[in-house]
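Novice:
2 protein chains.
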Amino acid sequence: MKKKPNLIQNLNNITRESEKKKRILSSAIKVFGEKGFQNATIAGIAKDAGIGDATIYEYFKNKEDLLLAVPVEITKELIPNINDHMMGIKGAFNKLRKFIWWWLNFVEKNPGYGSIVLLEIKTNRTYVSTEAYQAARNFYQIVLDIIKEGQEEGTIKKEIDVYLARSLCVGAIEHIIIRWLLKDRRYSLIQYADPLTDLLIDSFKTLELEGSERMSLTSKGKCNPKE
Amino acid sequence: MKKKPNLIQNLNNITRESEKKKRILSSAIKVFGEKGFQNATIAGIAKDAGIGDATIYEYFKNKEDLLLAVPVEITKELIPNINDHMMGIKGAFNKLRKFIWWWLNFVEKNPGYGSIVLLEIKTNRTYVSTEAYQAARNFYQIVLDIIKEGQEEGTIKKEIDVYLARSLCVGAIEHIIIRWLLKDRRYSLIQYADPLTDLLIDSFKTLELEGSERMSLTSKGKCNPKE
DNA sequence: CTAATTTCCGAATTATATTCGGAGAACACA
DNA sequence: TGTGTTCTCCGAATATAATTCGGAAATTAG
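Residue numbers (the numbering used here), protein chains in the order written: chain Z, 19 to 245; chain H, 19 to 245.
(1) Counting pairs of Cβ atoms below 8 Å between the region 72-79 of chain Z and the region 114-133 of chain Z, do you hit three or more?
(2) Would you kindly work out how many angstroms separate the C-alpha atoms of Gly62(H) and Leu182(Z), rounded to a whole number?
(3) Please name the residue or residues paired with Ile174(H) in a DSSP beta bridge.
(4) Classify Ala72(Z) as buried or exposed, calling it buried when 16 or more other Cβ atoms lie within 10 Å of its own Cβ.
(5) Helix, strand or coil, according to DSSP, for Ala58(H) in the structure here?
(6) Looking at chain H, is there any beta carbon in it that lies within less than 8 Å of the beta carbon of Val125(Z)?
(7) At a Cβ threshold of 8 Å, is Gly189(H) touching chain Z?
(8) Take the Cβ of Asp212(Z) as the centre, count every other Cβ of all protein chains shown within 10 Å, and call the residue buried at 16 or more, exposed below.
(9) Output the distance between the C-alpha atoms of Leu162(Z) and Gln152(H), rounded to the nearest integer angstrom.
(10) Compare the beta carbon distance of Ile164(H) and Phe117(H) with 8 Å and say whether it is the shorter of the two.
(11) So Tyr131(Z) contacts chain H; which residues on that side make the cut at Cβ distance below 9 Å?
(12) Per DSSP, what kind of secondary structure is Thr73(Z) in: helix, strand or coil?
(13) Checking 8 Å against the spacing of the C-beta atoms, do Ile139(H) and Leu218(H) come in under that value?
(14) I'd like to know whether the C-beta of Arg143(H) is nearer than 8 Å to at least one C-beta of chain Z.
(15) Buried or exposed for Lys176(Z), please, with buried defined as at least 16 other CB atoms from any protein chain shown within 10 angstroms of its CB.
(16) Distance check for Thr173(Z) and Gly51(H), CA to CA, integer angstroms please.
(17) Look at the alpha carbon of Glu91(H) and the alpha carbon of Glu149(H), and state the distance between them as a whole number of angstroms.
(18) Just how far apart, CA to CA, sit Ile60(Z) and Lys53(H)?
(19) By the DSSP assignment, the alpha helix (DSSP H) with Glu95(Z) in it spans what residues?
(20) May I ask which residues mark the beginning and end of the alpha helix (DSSP H) holding Tyr131(H)?
(21) What's the C-alpha gap between Ser44(H) and Trp119(Z)?
(22) Can you pull out the residues from the region 175-206 of chain H whose beta carbon lies closer than 9 Å to at least one beta carbon of chain Z?
(23) Is there a C-beta anywhere in chain Z that falls below 8 Å from the one on Asp220(H)?
(24) Relative to the alpha-carbon of Thr215(Z), which residue among Phe111(Z), Gln159(Z), Asn99(Z) has its alpha-carbon at the smallest distance?
(25) CA-CA distance, Thr141(H) and Gln56(Z)?
(26) Could you check the C-alpha separation between Ile6(H) and Ile191(Z) for me, to the nearest Å?
(27) Counting along the chain, where does the alpha helix (DSSP H) carrying Glu192(Z) start and finish?
(28) I think Ile194(H) touches Gly189(Z), with their Cβ atoms under 8 Å apart; what is that distance to the nearest whole Å?
(29) What's the call for Arg184(H), buried or exposed, on a 16-neighbour Cβ count within 10 Å?
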């Protein structure tokens with residue numbers, strides 16, 4: 019593990035150091051994503067990054083630390099991205115639909131990252147006490163905020179526990195993604211976005227929304243890019 | 019790996035062999051359940067079982083094979099058990115409630131088994147092509163049958179995809195269990211059974227059930243034996 | 001240009017899964 | 001019961017891969 023320099027670093031230093039660190043992380047995503055934590059080797063990651071095995075230990079404490087570093091870096095970039103996509107969308111259910119679509123789409127485009135997060139890290143026993151967990155919390159927080167917004171605007175039942183509702187959303191989405199990751203990935207993930215959203219909306223919505231309003235909120239249509 | 023005997027085995031043989039195999043499996047549940055696959059050692063399992071390391075390889079191909087053998091054996095015993103509990107319950111929603119309760123209760127009482135299945139195996143990349151996966155399918159089949167029954171009796175919307183509905187149930191339950199396993203397990207899992215069931219029922223039920231009938235189906239109360 | 005510091009990595013070390021070879025137990029059969 | 005055969009078990013050897021160590025090369029400071 020590299021010691022922090024004892025003087026103020028100059029910019030070149032910072033840049034070059036993060037260059038190499040990023041290169042390792044990038045190879046780690048690739049190799050962990052393809053082979054899984056167990057079957058990936060430090061030697062394989064080092065070779066992919068074009069460096070010596072021991073160099074990895076200058077930047078990461080050990081193999082598990084490297085694994086857990088992946089989502090910390092990436093999730094930080096993800097949250098501004100999803101927030102950006104969410105802009106201008108009005109109503110909790112429309113936001114939820116967009117969020118689910120965005121998430122499935124992202125994993126479909128970045129299966130290596132998805133594998134690391136959902137197959138390797140989510141069930142890692144040390145996970146809950148890591149920085150990676152904090153990063154994930156910020157991401158899941160978005161769902162929580164959507165549900166609370168729905169309760170405030172009156173479209174989501176006040177009496178449901180927002181944390182339970184989040185578990186329902188997150189659990190279902192992740193379960194669908196995990197199955198996709200473990201299968202041959204031939205089918206599209208995004209196709210689940212709308213039917214799943216419809217089911218969730220039925221679960222959450224206040225009873226007064228039955229009837230006229232219902233059709234527009236839970237239509238069978240594809241995710242509407244105009245919206 | 020032990021070779022199959024080339025003559026008909028006598029009963030003593032069968033008994034003794036399965037005795038030792040069961041002892042190894044029992045220690046495997048304990049050690050894998052406590053430490054996880056990665057941190058568990060063959061030496062540790064052998065020691066717990068009171069045998070030599072190499073003996074494990076007489077019964078299991080390798081460490082992963084041992085891990086995957088755990089649910090195969092246990093799930094076989096589970097399915098008759100849950101079917102037994104399900105007897106005499108009428109109506110899809112009442113069955114669903116009972117099933118969720120039973121599942122959460124089982125994991126709360128057998129966290130070692132739950133850890134192995136949900137933290138180690140569910141996200142194992144070879145899982146889908148193993149016998150363990152087949153065993154799990156039989157278990158999840160129960161949920162599918164309940165949903166189909168609901169559609170036939172008219173309480174569950176005909177237009178929803180039964181597989182998606184199952185993903186919603188299974189995903190939510192497993193997500194709640196995984197969080198519980200990773201946390202300190204101080205709180206009770208069973209407390210989630212009824213609120214979760216209520217949410218799921220709201221998601222699945224046909225619209226005609228709104229109003230009078232709704233209260234009895236999705237009440238906060240316990241599983242209704244009269245229906 | 002020289003000394004100090006930092007970065008990098010080949011080689012040694014360590015941990016642990018897996019295999020090997022054979023001792024001893026159980027068995028088959030006379 | 002005696003003897004050859006098969007099965008069960010495991011201590012010791014091997015193999016693989018993570019991690020550490022020590023020093024060479026590169027960079028920086030002055």
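A virtual CB, placed ideally from N, CA and C, is assigned to each residue, including glycine.
This one's a predicted model, so the numbers in the text were calculated from it and none came from an experiment.
Specialist: According to the structure shown:
(1) no
(2) 38 Å
(3) Lys223(H)
(4) exposed
(5) coil
(6) no
(7) yes
(8) buried
(9) 35 Å
(10) yes
(11) Those within 9 Å of Tyr131(Z) in chain H number zero; the least Cβ separation is about 15 Å.
(12) helix
(13) no
(14) yes
(15) exposed
(16) 42 Å
(17) 10 Å
(18) 22 Å
(19) 81-104
(20) 129-132
(21) 43 Å
(22) Lys175, Glu177, Ile178, Asp179, Leu182, Ala183, Ser185, Leu186, Cys187, Val188, Gly189, Ala190, Ile191, Glu192, His193, Ile194, Ile196, Arg197, Leu199, Leu200, Lys201
(23) yes
(24) Phe111(Z)
(25) 12 Å
(26) This structure gives no information on residue 6(H), because the portion of chain H shown stretches from 19 to 245.
(27) 180-200
(28) 7 Å
(29) buried
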